[in-house]
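Here the structure is laid out as C-alpha cells; the discussion comes afterwards.
2 protein chains.
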Amino acid sequence: MNATTDALKETRDEFVAQWGAMGSQWGINRTMAQIHALLMTVPEPLDTDAVMEELEISRGNAHTNLKELVAWGLVRIVVRKGERRDFFEAEKDVWKIFTTVARERKRREIDPALGVLRKCAEASAGIDTPEGRAFHEQMKQLEEFVAFASTMADRVAGMKHGFALQMAAKVFGG
Amino acid sequence: MNATTDALKETRDEFVAQWGAMGSQWGINRTMAQIHALLMTVPEPLDTDAVMEELEISRGNAHTNLKELVAWGLVRIVVRKGERRDFFEAEKDVWKIFTTVARERKRREIDPALGVLRKCAEASAGIDTPEGRAFHEQMKQLEEFVAFASTMADRVAGMKHGFALQMAAKVFGG
DNA sequence: CCGAATTTTCAGTAATATCTGAAAACCATG
DNA sequence: CATGGTTTTCAGATATTACTGAAAATTCGG
C-alpha cells in the first residue's frame with residue numbers, strides 16, 4: 015500500500031461519496047449510486063464481499079442494491095470459471111449508461127405520468143364551467159407535452175453516440 | 015355544490031395526488047409537487063389558507079413549499095389591491111415550466127456533478143497503475159459527457175417552443 | 001407607536017426510506 | 001443426500017426527511 019495507491023483510494027472514495035450524494039438528490043438511493051460509482055471506476059469485476067468491504071455496508075444492503083442495478087441494466091453479473099460466487103461489472107460506456115438511464119426513467123416516470131394525464135383529461139372533458147374548462151385545457155396541454163417528451167426520449171435513447179453528437183453539432187452549431 | 019363541481023373536484027384531487035406521488039419518486043417533495051399541481055389547475059391565484067385547506071396541510075408546510083416553488087420560478091406571488099395577504103399563481107405554459115425545471119435541475123445537479131468530475135479527473139491524472147489509469151480514463155469520459163449534457167441543457171432551455179418543435183420534426187422526421 | 005393581519009421560523013413529532021444481521025433457501029460437489 | 005459455500009429474504013433497528021403547531025417577527029393602517 016504505497017502513496018500512489020493511497021492517493022487513488024482517496025480520490026475514488028471522494029468520487030463514490032459525491033456520486034452517492036448526487037444520486038440521493040435524484041430519486042436514486044445513496045448506496046445504489048455509490049455501488050455504481052465504485053464499479054464504474056474499478057478495472058475488474060467485484061464480488062459482493064469486496065463491495066461490502068469497500069463501502070462498509072451490510073450483506074443485505076449490498077445484495078439488494080446490486081440486484082437493483084442489474085435490474086436497471088447498469089450492472090452485469092459475470093461468472094468466473096472455477097469461482098462459485100457472482101462477480102459484478104458496471105457498464106462503463108457513458109453513452110450506454112445515459113441511454114439506459116433515459117429508457118428506464120422514461121418507463122418509470124414519463125409513461126405513468128402520461129397515463130394519469132390521459133385519464134384526467136378524459137374525465138374532465140365534459141365539465142362546462144370556467145374551472146372545468148381551465149382544468150381540462152391544462153390537462154390537454156400537459157398530456158400533449160409529455161407525449162412529445164416520451165417520443166423524444168425514445169428517439170434519443172435509440173441513437174448511437176456518434177450520431178447524437180453529429181446531430182447536436184448540426185442543430186446547435188456547436 | 016352540484017354534481018359537475020363534485021366531479022371536477024374529484025378529478026383534480028386525483029391529479030394532485032398522482033402528481034405528488036410522481037414528484038416524490040423524483041427528488042421533489044410530495045407537498046411541493048401537490049401544491050404545484052393544484053395551482054396549475056386552478057383558474058385564479060390562491061392564498062396560503064386556500065392551499066392549506068385544499069390539501070389539508072399545516073401553515074408551515076404550505077408556506078415552506080410555496081416559497082420553494084417561488085424560488086424555483088414555477089410560482090409567482092401576486093398582490094391584489096385592497097388585499098393584504100399574498101396570492102400565488104403557477105406558470106401554466108408547459109414549455110415555460112419545462113425550461114424552468116431544466117435550467118434549475120442543470121444548476122443544481124449537472125453543474126455540481128461536473129465540478130466533482132473535474133476535480134477527480136485532475137487528482138488522478140498522474141497515477142500510473144492499471145487501476146489509476148482506468149479511474150482517470152473513466153473520469154475523463156464522464157466529464158466530457160456531462161459537459162456536453164450541460165451545453166445541451168442550456169441550448170434547449172433557451173429555445174422558444176415553436177423552434178423546439180420545428181427542430182424535433184427536422185431531426186427526427188416526426 | 002399600537003394592534004391586527006400576515007408571514008416566517010423552528011423545536012418537537014411523525015412518516016418514510018434505508019440498512020443490518022441473522023436465519024432460511026439454494027446449489028454444486030463429493 | 002450431507003456439507004459448506006453462497007445468495008436471498010425480511011423483521012426490527014436506524015437514519016433521513018417532511019410536517020405540525022405555536023411562538024416570534026414583520027408589515028401596515030391608523
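These protein sequence lines map, in sequence, to chains A and B. The C-terminal position of the first sequence is numbered 188 in my numbering, with every residue numbered one higher than the one before it. The C-terminal position of the second sequence is numbered 188 in my numbering, with every residue numbered one higher than the one before it. Beta carbons are placed, not taken as given, at the ideal position from N, Cα and C, and that holds for glycine. The structure presented is a predicted model; accordingly, all values stated were derived computationally and were not measured.
Option nearest residue i by Cα separation, candidates the options
i	options	result
Cys134 (chain A)	A:Ala171, A:Gly146 and A:Val30	A:Gly146
Phe159 (chain A)	B:Asn79, B:Ile111, B:Thr18 and B:Val170	B:Ile111
Leu128 (chain A)	B:Thr18, B:Glu24 and B:Trp33	B:Trp33
Gln39 (chain A)	B:Arg121, B:Arg132, B:Ile141 and B:Met173	B:Arg121
Ile91 (chain A)	A:Thr113, A:Ile71, A:Asp61 and A:Arg119	A:Asp61
Trp109 (chain A)	A:Ala148, A:Phe177 and A:Ile42	A:Phe177
Arg26 (chain B)	B:Phe186, B:Lys106 and B:Glu68	B:Glu68
Pro144 (chain B)	A:Ala35, A:Glu58 and A:Glu24	A:Glu58
Ala116 (chain B)	B:Lys95, B:Thr165 and B:Lys81	B:Thr165
Thr78 (chain B)	B:Thr45, B:Glu97 and B:Glu28	B:Thr45
Phe101 (chain B)	B:Asp63, B:Phe186, B:Val130 and B:Arg119	B:Asp63
Glu151 (chain B)	B:Phe162, B:Glu136 and B:Glu82	B:Glu136
Phe162 (chain B)	A:Phe149, A:Met181 and A:Asp125	A:Met181
Asn43 (chain B)	B:Leu80, B:Leu179, B:Ala148 and B:Ile124	B:Leu80
Lys106 (chain A)	B:Ala148, B:Ala167, B:Ala21 and B:Leu22	B:Ala148
Glu24 (chain B)	A:Asn75, A:Ser138, A:Glu82 and A:His175	A:Ser138
Arg119 (chain A)	B:Gly41, B:Val130 and B:Leu22	B:Gly41
Pro126 (chain A)	B:Arg132, B:Ala35 and B:Gly96	B:Ala35
Ala167 (chain A)	A:Lys95, A:Ala76, A:Val65 and A:Ile124	A:Ile124
Leu179 (chain B)	A:Arg132, A:Val185 and A:Leu22	A:Val185
Val130 (chain A)	B:Val65, B:Glu28 and B:Glu97	B:Glu28
Residue i classed as buried or exposed, judged by whether at least 16 other C-beta atoms fall within 10 angstroms
i	result
Asn16 (chain A)	exposed
Val56 (chain A)	buried
Arg99 (chain A)	exposed
Val30 (chain A)	buried
Val93 (chain B)	exposed
Gly140 (chain B)	exposed
Ala104 (chain B)	buried
Ser72 (chain A)	exposed
Gly37 (chain A)	buried
Ala183 (chain B)	exposed
Thr113 (chain A)	buried
Thr19 (chain B)	exposed
Any non-hydrogen atom of the ligand ZN within 7 angstroms of residue i CB
i	result
Glu70 (chain B)	The ligand ZN is absent from the structure shown, which contains no ligand whatsoever.
Next item on the list: Would you list, in sequence order, the uninterrupted alpha helix (DSSP H) runs of no fewer than 4 residues that lie entirely inside the region 122 to 178 of chain B?
Entry: As far as the region 122 to 178 of chain B is concerned, its whole alpha helix (DSSP H) runs of at least 4 residues are 125 to 137 and 144 to 172.
Notebook entry, point to check: Can you find at least 3 beta carbon pairs, one from the region 74 to 92 of chain A and one from the region 48 to 57 of chain A, that sit closer than 8 angstroms?
Noted result: Contact between the region 74 to 92 of chain A and the region 48 to 57 of chain A is present, because at least three Cβ pairs lie under 8 angstroms.
Check: At what residue ranges does the region 64 to 134 of chain B contain a whole run of the beta strand (DSSP E), taking only runs of 3 or more?
Finding: Correct list: 89 to 92 and 101 to 104.
Margin query: Threshold first: 4 residues or longer. Then list the alpha helix (DSSP H) segments lying entirely within the region 28 to 67 of chain B, N to C.
Written below: Taken in chain order, the complete alpha helix (DSSP H) segments of 4 or more residues contained in the region 28 to 67 of chain B are 44 to 54.
Check: Taking Cβ-Cβ distances below 9 angstroms as the criterion, which residues of the region 104 to 118 of chain A are in contact with chain B?
Finding: Listed in sequence order: Lys106, Asp107, Val108, Trp109, Ile111 and Phe112.
Item checked: Cβ contact (3+ pairs, closer than 8 angstroms) linking the region 146 to 156 of chain B and the region 166 to 175 of chain A -> In short, these stretches do not touch, since the Cβ pair count stays below three.
Check: Looking at chain B, which residues of the region 63 to 74 of chain A have a Cβ within less than 8 angstroms of any of its Cβ atoms?
Finding: Those residues of the region 63 to 74 of chain A that come within reach of chain B (Cβ to Cβ, closer than 8 angstroms) do not exist; the list is empty.
Next item on the list: Return the residues of the region 32 to 49 of chain B that lie within a Cβ-Cβ distance of less than 7 angstroms from chain A, sorted by chain order.
Entry: So the close ones are Gln32, Met36, Gln39, Trp40 and Gly41.
Next item on the list: For the region 81 to 105 of chain B, enumerate the residues whose C-beta is nearer than 8 angstroms to any C-beta of chain A, in chain order.
Entry: The region 81 to 105 of chain B vs chain A, Cβ under 8 angstroms: nothing.
Item checked: Interface residues of the region 156 to 182 of chain B facing chain A [CB-CB below 7 angstroms] -> Cβ contacts with chain A: Leu156, Phe159, Thr165, Met166, Arg169, Met181 and Ala182.
Next item on the list: Could you name the residues of the region 134 to 149 of chain A whose beta carbon sits closer than 7 angstroms to any beta carbon of chain B, in the order they occur along the chain?
Entry: The residues in question are Cys134, Ala137, Ser138, Ile141, Thr143, Pro144, Glu145, Gly146, Ala148 and Phe149.
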